[in-house]
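Student: What follows is a single structure, and I will ask about it in a moment.
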DNA sequence: CTCTGAAATGGTTACGTATTCATTTTCTTA
DNA sequence: TAAGAAAATGAATACGTAACCATTTCAGAG
């Protein structure tokens, strides 16, 4: 591999000068620059990122721990994050976390001397929070938060659950069910809280409503859906904690020959891009702002990296996006 | 930052021994290992990946240049690639290439001393091919190939175009149009070739058929669709070169109040996961094999990295997946 | 011309690890 | 118990760059 030393020798200057030509050319005589550039050209020299990282203690890498892309929410956020990071001249190390592989991901992440971390894999009570904090580098959670209540960007999940449920109730539905995820995740816990609040405010006893807390892979959602179908009183509306779940429920309904919204109303939360597709047209609750949550989060992370902010605690407000999967009972 | 030297001093051994404890513990006395591990624990030492990379000349990084995730094909492939790479203990630097940002991506990629590159951004005649080849590291293209005809994994694109078109013809449609992408990309060129071949074999003059070669972003597809609507003789079937285009066409049809397949048949190519969703149920052509193209490609790339193979030139066979967006005329 | 300060360049070192080679310690066996 | 082999450890170095400090070169003022 050709190094800056080789270039230096070839051009008849010192390695220091080669480095200067590339980093602070204003300190080098034009004629020298020319010489060095010619040598670089002819030797096909490409600076070694790794060596630079070592000496500068900056890797130019942002680590992203996303959820899996079969969840369209992470399609939207990953796109926003990666593109933003690259536009800022950084690189992205990406991981798709599931229940199985998180340990090995965290191991790898801690060794990588990234300049910052953005993640959506955090549980409400999660030891990894403290390990990451101990790294001493900027980090931010999006869509989930930790008990410690620091470094997060989220939507107003309680409100989102409330709005979704309230919408269903306002359409006249009274046989409702909730299908959400594990409550170790703040997002699911809070959205469910909104569900209960809405029921209460409408004078309904939450305890009478069937609720399902499932893992968010297709198989488990299917299992939950089958349980729904076997309920003594079939619900007329299904409130899903996320668009990903809602869209899968949609799929299962159609697979069984049901019609949405005639047989079942379905509502989600997140307002993912896919929900806007006219084949899906999912009624959902999402950000008031045009920006995606991923974008907001990565923007904030850079603020922290640039010391413009110290600690992010941001909860974005939400609104209803009525589409075609809900209707008057 | 605490280094292996600090650990060494704390444990009363040499830095070499610390390194050995972590990499070749079988060469260290158990008692010493214990001492060192205790020091590592107490000092909260985490080995520095960067320094290791520098001396070993291995970064443990695979660079992935994917297309944008709003194309569901890249959702599938990115998932497969990232998960496979991480499972093998490597990291992934990911980029989402578009027309605008490819130059800056390539700049960044060439500087990163990745151990290998996997990409789907290559044009048929593209100078970057030679620059990457000059890097001297393993690389592979998926879904596209270069004029030089080396280092690629693709589906049989000509055959795919043929099968799709033939299916439409066999359903009795005669007013067909083709909507594809720029022909600088091998994929589009070859799928279109299959389209023409099928017409020819059915005794139809390809020149009489309306064809559209558009960029693959939503706006341009919309523009093409509007042109289709203004054709003197409205086609009964639209052959899209990719599922991404087909699904967007589906969206536009529904937006305009058309019914698919009653008003328009739509067929795609790629058999992306999303096409299987019952709200979409897109008829398409895809891999015969169960594996995703991304998986096949990354598997092959590792073969090259392990010197099991030298140069990959792989074309996978395809078959029809009939679903609900096509029907007898 | 000479002096002075600025501009330009070079020598050396540090970054944190793995590796190579040398040395010390321990074990085995006669 | 001594000798030789094997095991365990350490010292020095390389990786390729940027940064620091020292030195040389140059331009302009007196």
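Protein chains in written order, with the UniProt record's numbering: chain A, 1 to 329; chain H, 1 to 329. C-beta: ideal position from N, C-alpha, C; glycine also. As the structure is a computational prediction, the values presented were derived from the model and not from experiment.
1) Note down, one range per segment and in chain order, each alpha helix (DSSP H) of at least 4 residues found wholly within the UniProt domain "HTH cro/C1-type" (5-46) of chain A.
2) Name, in chain order, the residues that DSSP records as bridge partners for residue 316/A.
3) Grouping DSSP H, G and I as helix and E and B as strand, with all else coil, what is residue 251/H?
4) Helix, strand or coil, according to DSSP, for residue 2/A in the structure here?
5) Under the three-state reduction of DSSP, which class applies to residue 211/A: helix, strand or coil?
6) List the residues of chain H whose Cβ lies closer than 7 Å to the Cβ of residue 277/A, in chain order.
7) Would you mind telling me which residues of chain H sit closer than 8 Å to residue 242/A, beta carbon to beta carbon, in chain order?
8) Could you give the C-beta distance for residue 228/H and residue 238/H, rounded to a whole number, given that I count them as a contact under 8 Å?
9) Going by DSSP, name the residue or residues bridged to residue 268/A.
10) Can you list, in chain order, the residues of the segment 251-272 of chain H whose Cβ is nearer than 7 Å to any Cβ on chain A?
11) Which of the residues in the segment 139-154 of chain H, read from start to end, lie with their CB under 9 Å from any CB of chain A?
12) Have a look at residue 214/A and residue 61/H and give me their C-alpha separation to the nearest angstrom.
13) Take residue 204/H as the anchor and find which of 190/H, 182/H and 175/H has the nearest alpha-carbon.
14) Going straight from the alpha carbon of residue 24/A to that of residue 251/H, what length do you get?
15) Mapping the DSSP letters down to three states, classify residue 79/H as helix, strand or coil.
16) Does residue 47/A come within less than 9 Å of chain H when only Cβ atoms are used?
17) Could you please give the first and the last residue of the uninterrupted alpha helix (DSSP H) stretch that includes residue 189/A?
18) How would you list, in chain order, the residues of chain H whose beta-carbon sits under 9 Å from the beta-carbon of residue 68/A?
19) Does the Cβ-Cβ distance between residue 331/H and residue 253/H come in under 9 Å?
20) Is residue 324/A helix, strand or coil when you go by DSSP?
21) Any idea what DSSP makes of residue 109/A, helix, strand or coil?
22) Looking at the strands, I want to know which residues DSSP matches up with residue 95/H.
23) If we ignore side chains and look at the alpha-carbon of each, how far apart do residue 257/H and residue 278/H end up?
24) Report the three-state DSSP secondary structure of residue 142/A (helix, strand or coil).
25) Do the CB positions of residue 266/A and residue 288/A come within less than 9 Å of each other?
26) Going by other Cβ atoms of all chains shown within 10 Å of its Cβ, with 16 needed for buried, is residue 88/H buried or exposed?
27) Is the beta carbon of residue 101/H closer than 9 Å to that of residue 93/A?
28) Per DSSP, which residues does residue 180/A bridge with? Please list them.
29) Taking only three categories from DSSP, how would you classify residue 118/H?
30) For chain A, find out if any of its Cβ atoms is closer than 9 Å to the Cβ of residue 53/H; answer yes or no.
31) CA-CA distance, residue 35/H and residue 50/H?
32) Can you tell me where the alpha helix (DSSP H) holding residue 128/H begins and where it ends?
33) Using three-state DSSP, classify residue 204/H as helix, strand or coil.
34) Relative to the alpha-carbon of residue 13/H, which residue among 235/H, 31/H and 147/H has its alpha-carbon at the smallest distance?
35) Does the structure place the segment 192-199 of chain H close enough to the segment 159-170 of chain H that three or more beta carbon pairs sit under 8 Å?
36) Reducing DSSP to helix, strand and coil, say where residue 241/A ends up.
Tutor: Checking against the coordinates, here is how it stands:
1) Every alpha helix (DSSP H) stretch that sits fully inside the UniProt domain "HTH cro/C1-type" (5-46) of chain A and reaches 4 residues is listed by chain position as 15-23 and 30-43.
2) Here residue 316/A corresponds to residue number 316 of the first chain, with the count starting at 1. Bridge partners of residue 316/A: 155/A.
3) By one-based count along the second chain, residue 251/H stands at place 251. The DSSP-derived three-state label of residue 251/H is helix.
4) Here residue 2/A refers to the residue found at position 2 when the first chain is read from its first residue. Residue 2/A falls in the coil class under three-state DSSP.
5) Reading the first chain from its first residue, position 211 is the one you call residue 211/A. DSSP places residue 211/A in strand when its eight states are reduced to three.
6) Position 277 of the first chain, counted from the first residue, corresponds to residue 277/A. Simply 251.
7) Against the first chain, residue 242/A aligns to sequence position 242. Ordered by position in chain H, no residue passes the 8 Å Cβ test against residue 242/A, which lies about 16 Å from the chain.
8) By 1-based counting over the second chain, the position of residue 228/H is 228. By 1-based counting over the second chain, the position of residue 238/H is 238. Contact holds; Cβ gap of about 7 Å.
9) As a first step, residue 268/A must be located in the first chain, where it is residue number 268. Bridge partners of residue 268/A: 284/A.
10) Under the 7 Å Cβ criterion, the segment 251-272 of chain H contributes 251, 254 and 255.
11) Considering only beta carbons, no part of the segment 139-154 of chain H lies closer than 9 Å to chain A.
12) For the purposes of this step, residue 214/A is taken as the residue at position 214 of the first chain. For the purposes of this step, residue 61/H is taken as the residue at position 61 of the second chain. Roughly 35 Å separates the two Cα atoms.
13) Here the question's residue 204/H lines up with position 204 in the second chain. Ranking the options by Cα distance to residue 204/H, first place goes to 175/H.
14) In the first chain, counting from the first residue as 1, residue 24/A sits at position 24. In the second chain, counting from the first residue as 1, residue 251/H sits at position 251. Between the C-alpha atoms of residue 24/A and residue 251/H there is a straight-line separation of about 52 Å.
15) Start at 1 with the first residue of the second chain, and residue 79/H comes out as number 79. Three-state DSSP puts residue 79/H in a helix.
16) Within the first chain, the letter at position 47 stands for residue 47/A. It does: the Cβ of residue 47/A has a partner Cβ on chain H nearer than 9 Å.
17) Here residue 189/A refers to the residue found at position 189 of the first chain. If you look at residue 189/A, you'll find it in the alpha helix (DSSP H) that goes 186-201.
18) Against the first chain, residue 68/A aligns to sequence position 68. Neighbours of residue 68/A on chain H, chain order: 79 and 83.
19) The structure shown does not extend to residue 331/H, since chain H is modelled only from 1 through 329, so no value can be given for it.
20) On the first chain, position 324 is the one that residue 324/A refers to. Secondary structure at residue 324/A: coil, using DSSP grouped into helix, strand and coil.
21) Along the first chain, one-based indexing puts residue 109/A at 109. Residue 109/A falls in the helix class under three-state DSSP.
22) Numbered from 1 along the second chain, position 95 holds the residue referred to as residue 95/H. 65/H, per the DSSP bridge assignment.
23) By one-based count along the second chain, residue 257/H stands at place 257. By one-based count along the second chain, residue 278/H stands at place 278. Between the C-alpha atoms of residue 257/H and residue 278/H there is a straight-line separation of about 19 Å.
24) Position 142 of the first chain, counted from the start, is the residue given in the question as residue 142/A. In the structure shown, residue 142/A sits in a strand (DSSP, three-state: E or B).
25) Here residue 266/A refers to the residue found at position 266 when the first chain is read from its first residue. Here residue 288/A refers to the residue found at position 288 when the first chain is read from its first residue. It is not a contact, given that the beta carbons lie outside the stated cut-off.
26) For the purposes of this step, residue 88/H is taken as the residue at position 88 of the second chain. Under this definition residue 88/H is an exposed residue.
27) Here the question's residue 93/A lines up with position 93 in the first chain. Here the question's residue 101/H lines up with position 101 in the second chain. No; because the gap between Cβ atoms is not below 9 Å, this pair is not in contact.
28) What you label residue 180/A is simply residue 180 of the first chain in a count that begins at 1. Looking at the DSSP output, residue 180/A shares a beta bridge with 213/A.
29) Start at 1 with the first residue of the second chain, and residue 118/H comes out as number 118. Three-state DSSP puts residue 118/H in a strand.
30) Within the second chain, numbered from 1, the residue matching residue 53/H stands at position 53. Yes, contact with chain A.
31) Here residue 35/H refers to the residue found at position 35 of the second chain. Here residue 50/H refers to the residue found at position 50 of the second chain. About 25 Å.
32) As a position in the second chain, residue 128/H is number 128, starting the count at 1. Element bounds for residue 128/H: 128-135.
33) For the purposes of this step, residue 204/H is taken as residue 204 along the second chain, with counting starting at 1. Coil, per DSSP.
34) Along the second chain, one-based indexing puts residue 13/H at 13. Residue 13/H has its Cα closest to that of 31/H, out of 235/H, 31/H and 147/H.
35) The segment 159-170 of chain H, when compared against the segment 192-199 of chain H, does touch it at the 8 Å Cβ threshold.
36) Stepping through the first chain from its first residue, residue 241/A is reached at position 241. DSSP places residue 241/A in coil when its eight states are reduced to three.
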